[in-house]
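Below is one structure; the comments refer to it alone.
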Amino acid sequence: MAKLQLHRLVEEATKQGRNAPVIATKEMVEDIYDAINRAVFNGVLERPKIVVRDYTKRNMWGECEGWQRGSRWGPHYTAVIRIEKNFPNLKKLIAAVAHEMVHQWEWDKCGVMTHGPSTFFAWEEKLRSKGIRLSVTL
Ligand SMILES: [Zn+2]
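Last residue of the sequence shown: number 174 in this note's numbering, and the count goes up by one each step with no gaps.
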């Protein structure tokens, strides 16, 4: 399959609008991840295990799980990104994946996971330029 281009994906999401429920699959989220990685993060993120499941009971759209190799002084890496399966629309799904990827970048590169201005919202402008809104809650 051809590489999914982020601008085409965002275009499609805009076309579908707010009331177009999406049932996400692992493959779909992996494609979205790769597209955002190329267009926003210059491909520097290493795709972790992606788990897509019904997390309705946990009341979350996504979750990023970071670890350190070896000891607590070892390098940081992201082991898994979990994404809710049922989204009200494609735009929200893209935003959820982007949100968790910013957490991955923070963790892998800076060893922190925040919703703060210096590492989290550092990506707000770049994401906005691609038509993706970065916020603490979706
Ligand atoms: Zn968050």
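By construction, the Cβ of each residue, glycine as well, lies at the ideal position given by its N, Cα and C atoms.
- If you check the CB distance, A60 and L129 come in under 7 Å.
- The DSSP-derived three-state label of F123 is strand.
- Following the DSSP letters along the chain, one finds R89 inside the beta strand (DSSP E) bounded by residues K85 to R89.
- At a Cβ-Cβ threshold of 7 Å, I86 and V58 do not count as neighbours.
- In this structure E136 is not in contact with A115, their Cβ atoms being roughly 12 Å apart against a cut-off of 8 Å.
- Rounded to the nearest angstrom, the Cβ distance from F156 to V138 is 6 Å, consistent with a contact under 8 Å.
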